[in-house]
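2 protein chains.
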Amino acid sequence: MKKKIIVIGGSAAGPKIAARARRMDEFTDITIFQKANDLSMASCGYPYYVGGFFDDRNKLICTPTGVIRDPGFYWNAKAIVVKNNTEVTRIVRGEKLVEFKNNLTGETGTAEYDKLVIATGASANMPPVKGIELNGVTTLQSMQDADYLRKIRDEGKIKKAVVIGGGLIGIETLEALHLAGIDITLIELLPQLLTFLDWDMAKLIENYLKTKTNVITKNGVGEFIGEKGHITGIKLENGDELPCELAVVAIGVRPNVSLAKEAGIEIGPLGGIKVNEFMQTSDPDIYAAGDCCEIRNLVTGKNVLAPYGDLANLEGRAAGENVIIGNRASFPGTIQTGICKLFDYSVGITGLSETKAKENGFDFERAVNASMDKPGFMDGKLLITKLIAEKSNGRILGAQCLGPGDVSKQIAIWATAIKGGLTVDDMINGDLPYAPPFSLAIDHSIACAHILQNKTRGFFQGISALELKEKINRGDDMFLIDTRGPDEYEETRLGIGEHLIPLGLLRKRLNELPEDKDKEIITFCKISLRGYEAAVMLKAFGFNNVKVLEGGIAAWLFVKEK
Amino acid sequence: MKKKIIVIGGSAAGPKIAARARRMDEFTDITIFQKANDLSMASCGYPYYVGGFFDDRNKLICTPTGVIRDPGFYWNAKAIVVKNNTEVTRIVRGEKLVEFKNNLTGETGTAEYDKLVIATGASANMPPVKGIELNGVTTLQSMQDADYLRKIRDEGKIKKAVVIGGGLIGIETLEALHLAGIDITLIELLPQLLTFLDWDMAKLIENYLKTKTNVITKNGVGEFIGEKGHITGIKLENGDELPCELAVVAIGVRPNVSLAKEAGIEIGPLGGIKVNEFMQTSDPDIYAAGDCCEIRNLVTGKNVLAPYGDLANLEGRAAGENVIIGNRASFPGTIQTGICKLFDYSVGITGLSETKAKENGFDFERAVNASMDKPGFMDGKLLITKLIAEKSNGRILGAQCLGPGDVSKQIAIWATAIKGGLTVDDMINGDLPYAPPFSLAIDHSIACAHILQNKTRGFFQGISALELKEKINRGDDMFLIDTRGPDEYEETRLGIGEHLIPLGLLRKRLNELPEDKDKEIITFCKISLRGYEAAVMLKAFGFNNVKVLEGGIAAWLFVKEK
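Chains as they are written, first to last, in the numbering used here: chain A, 1 to 562; chain B, 1001 to 1562.
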């Protein structure tokens, strides 16, 4: 008798599982149960459809050559049965079958499996507040949501909207609706956006976003206010009211595990299905993949929820292989790489933030690099990277990068380095593709490694913008030197009591510096390269307590005088 | 007495050496001797200046904030003495001094050193043919060359030019002159352009370039023809004549080692100065860095000449440190990463080509991936990658990538992987930054690893376009299946005797296939993903000799029927 594979879920992981399983064996019966009508949706593309980056909705559900990935396509091209609009209502492990129900016809039935794969995904969290049921309160999680918001864009009637939640989807939605000509306010309950970043990196993003839209942090939604069943505004937790005709909720997702739970499959402490590296659950005949699972963070060794489309595909590839030929393909885990476009900026992270590294007890060194991605003459754009590495062995632990420059390449480099266990020393002489249209002669990433090595070896001491600001607020006695030229100083400056002494004059003007060689001196420039050179020089002249403002003025996240 | 460092050469490596040395010690005397007037030129930017990507010549020799890097700048900002227009004429090792001559004033002198660094760069090769001295025969190696060619662009008088040499500089020059409105012919002596690539990858580039300019391979210049001292044409080795008013010679460079050689410093078998990993020559007080050195290829362990600006900087950083604090900083070698923009395409390589891997006796597996860099709905563009890895352990040996897509990121990923000694299995579950504006859910690079793993594990057999073409030419009896749809077939097709059987119909039309299950079957589609699925399926149905045309129609480098 033919072997039977059942896959529950037809979004990202599900179709990948089924397709990989088919390639492993032409003669197994493979069935996907998909609750929704559509399947294999490019759900990460929803914000770009809503934002008008493209107009043809089918592009979200078709192959590169334009064939819609519907049940007919799956049957013809891959001999995979797709039962869409069909919900699995129960997993009966004892009998190795699932019970299902067609949501259109009401028809029910059962189907037997030899191996079952759960790819039920995740659902949007909703705040438990009044008015959540009003028309105009939505998420951006499904094709229907995308259709709804795209219609709003096309009609052009709505003028004011709020986005609740400053995570990846919230910010992508914010851009989409802003591009639709809607006046947006972003509301985030926590003190920072994009909580996977460090506060200071997130603050730079917040500052940038505020040039485009309104951003409110440390405030949640208390109530959705409505008239005749439609939203007219929201009341914030602090009592403020914001009029709006649309509210998009994007406060994270939770794994869909009720089917698994009811069947007695083990659920992890974070609420996701527990799987081993072969994506096998506590029942050896049942696998799971995608947003419904907990997976391992490879840097900390701890389990995490990592609901990303790329991981869903990789997990699905492993599960799809293993259900056919046994546990051969492993998915060891994630380093939680992520990236987000926001208008003309991008921001990304891979590995650990400083915050996470501290939480996990790592002893690490930090470097901040603010520099161009390409030469100025090739229209180079700014990147700000924070790199952290373990002190004892130099192993790279994490990188965050943001700016108008090519963030994607930087994060891809660091993700590969972290995945491979590379150290700062490995990256010092990185041999990356250099030509002026693509990179500086010393690529931004290699320069990060140089800075981190210089710091680790004690060639200079650094101070972050946040640390300096705290010192200023405390009224610490310091001598601050801006080492730029007068023209640059006229154009923009911090205005925190700094002395303007251009690097080229510093050797001649040492007499202007404090007599007390132990006094704290902070040097900086636009990106703190000249600031670094100044610090090294001053150290040579006997100043014992010189620090470089990391990332210079480019990474200053507080208000500037000018 | 103060320690004295002398650096010979002020282009890329020289200034880096001096700057790094200064940061290591404020109180050492550091002098750069530079033969030319300009120094610290962004020489890799010359083609983009000539091509009009920017107009301000000073951008090639100024800091990111616009300060010209002249002797005054070096003295003020870095306390480095630069003697420009001054040529070192002799190294007297016994007395630890150099003899120099000012090329403007004729003045001569000597200067003592404690440590000397040779960064004399490389010079352009010139063909030993008649007419080489004619006006209008030039290179693009110096600021003067750049000025000369930029003037030609600005004057707009010259209509026809030839570029001799299809390497990186030749192709960059070709683009620059084409953008200047000049009708160009590229002439390459060897059977392929960009000889660091495999022939088939280079052929794809040649095919693309031919849509923009004329390209002649397997033909060299026999003579430059002139009238009244100015070039009017060239005669090729096969006797053909091409009229032209300008000829740019770009047939490679050779290290400038005469000073070193005359001083009895050891020269390597490739003609470059021999250095250890600390960039130290056979004389322990003399270091060298940049294009004048031989360095180690980290994949083969053999020495190479690698005249790249990024490596010059990294070598200079190591040498600059070591001359001050002793041999601490190492530059272990190169994986010979390179990249080149050519109109709307880019092409890059890191590690070994197939050709080089064979030459060096590696037993390797190959994968070709033709796919988009981003989703179609985000304006994704094609990339074609050839990845090779060692058979025994999966260690990645090399990657070549080309196309209109984001080649730079792909090569950066592979360069980091090769530098780190990563294997195909490490890359299978790569955790790269994914969001639709940046990548497919399974990034192109990860898909390369998947293909290579599938092939290594015997899930399919591949055949390259070149291998297939050879079979066709030999008249081999094969059954070729194009698995695309009829619309796609109407639009473009190979026309090599293939049968059109769309993947979705293949299971139903197995009866059209050869009865002899051992007959060779080749499957393909646009990019050979459907071709791969077809091959896997046919294998399951008992066809024993099925191969996938690697890279599909996208990587077909021969003439197509349509």
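The beta-carbon is built from N, C-alpha and C at its ideal position, and this holds for glycine as well. Just so we're clear, the structure is a prediction, and the values are computed from it rather than from any experiment.
- Listed along the chain, the chain B residues whose CB falls inside 9 Å of the CB of residue 536 of chain A are 1022, 1023, 1024, 1026.
- In this structure, DSSP gives residue 378 of chain A a helical state, which the three-state scheme calls helix.
- Judged by beta-carbon spacing, residue 1315 of chain B lies beyond the 8 Å limit of residue 1304 of chain B, meaning their Cβ atoms are not closer than that value.
- The distance from the Cβ of residue 1209 of chain B to that of residue 1202 of chain B is about 10 Å, inconsistent with a contact at the 8 Å cut-off.
- Of the candidates B:1335, B:1026, B:1127, B:1092, B:1092 places its Cα closest to the Cα of residue 1283 of chain B.
- In summary, the residues of the stretch 398-418 of chain A whose CB is separated from some CB of chain B by less than 7 Å are 408, 409, 411, 412, 413, 415, 416, 417, in the order they occur in the chain.
- Below 8 Å, too few C-beta pairs join the stretch 1213-1232 of chain B and the stretch 1415-1424 of chain B to call them touching: fewer than three.
- Listed by position along chain A, the residues whose Cβ is nearer than 7 Å to that of residue 1309 of chain B are 434, 441.
- Taking a contact as a CB-CB distance under 8 Å, the pair residue 1043 of chain B and residue 1309 of chain B counts as one, their CB atoms being some 7 Å apart.
- When the beta-carbon positions are compared, residue 1247 of chain B and residue 1161 of chain B come within less than 8 Å of each other.
- No residue range can be given for residue 1182 of chain B, since it is assigned to no alpha helix (DSSP H) and is classified by DSSP as neither H nor E.
- Around the Cβ of residue 144 of chain A, a 10 Å sphere holds fewer than 16 other Cβ atoms; the residue is exposed.
- Taken in chain order, the complete beta strand (DSSP E) segments of 3 or more residues contained in the stretch 1188-1270 of chain B are 1214-1216, 1221-1227, 1230-1236, 1241-1243, 1246-1249, 1253-1255.
- Contact annotation: the stretch 349-359 of chain A does not touch the stretch 1466-1486 of chain B, with fewer than three C-beta pairs closer than 8 Å.
- In chain B, no part has a C-beta under 7 Å from the C-beta of residue 492 of chain A; the shortest such distance is about 12 Å.
- Annotation: the continuous beta strand (DSSP E) that includes residue 1288 of chain B extends over 1286-1288.
- Contact annotation: residue 102 of chain A and residue 89 of chain A have beta-carbon atoms that are not nearer than 8 Å.
- Chain B has no Cβ within less than 8 Å of the Cβ of residue 147 of chain A.
- Cβ neighbours of residue 493 of chain A within its own chain (closer than 6 Å, five residues either side excluded): 561, 562.
- Of all residues in the stretch 1344-1360 of chain B, only 1346, 1348, 1350 place a beta-carbon less than 8 Å from a beta-carbon of chain A.
- Assigned with DSSP and collapsed to three states, residue 1161 of chain B falls in strand.
- For residue 1535 of chain B, the closest alpha carbon among the candidates B:1281, B:1347, B:1498, B:1481 is that of B:1481.
- Counting only Cβ-Cβ distances below 8 Å, residue 1422 of chain B has contacts in chain A at 416, 419, 420, in chain order.
- The straight-line gap separating the alpha-carbon atoms of residue 1311 of chain B and residue 1340 of chain B is approximately 16 Å.
- The beta carbon of residue 424 of chain A sits closer than 6 Å to the beta carbons of 389, 394, 449, 452, 453 from its chain, once the five residues preceding and following it are set aside; these are given in chain order.
- Residue 1031 of chain B sits buried, since 16 or more C-beta atoms from the chains shown fall within 10 Å of its C-beta.
- For residue 372 of chain A, the neighbours in chain B by C-beta distance under 9 Å run, in chain order, 1064.
- Along the stretch 1317-1348 of chain B, going in chain order, the ones with a CB nearer than 7 Å to a CB of chain A are 1331, 1332, 1334, 1335, 1337, 1338, 1339, 1340, 1341, 1348.
- The beta-carbon of residue 1552 of chain B is placed no less than 8 Å from the nearest beta-carbon of chain A.
- Closest option to residue 1357 of chain B, judged by alpha-carbon separation, among B:1014, B:1064, B:1197, B:1078: B:1197.
- The count of Cβ pairs closer than 8 Å, one atom from the stretch 1258-1269 of chain B and one from the stretch 1285-1299 of chain B, reaches three, so the stretches are in contact.
- Note that the C-beta distance between residue 1338 of chain B and residue 1168 of chain B is below 8 Å.
- The shortest CA-to-CA distance from residue 50 of chain A to any of A:440, A:146, A:437, A:429 is the one to A:146.
- Three or more pairs of CB atoms, one per stretch, sit closer than 8 Å, so the stretch 119-135 of chain A contacts the stretch 7-14 of chain A.
- Assignment of alpha helix (DSSP H) within the stretch 511-544 of chain A, counting only whole runs of 4 or more residues, yields 529-540 in chain order.
- In the assembly as shown, residue 1422 of chain B is a buried residue. Its beta-carbon has 16 or more other beta-carbons within 10 Å.
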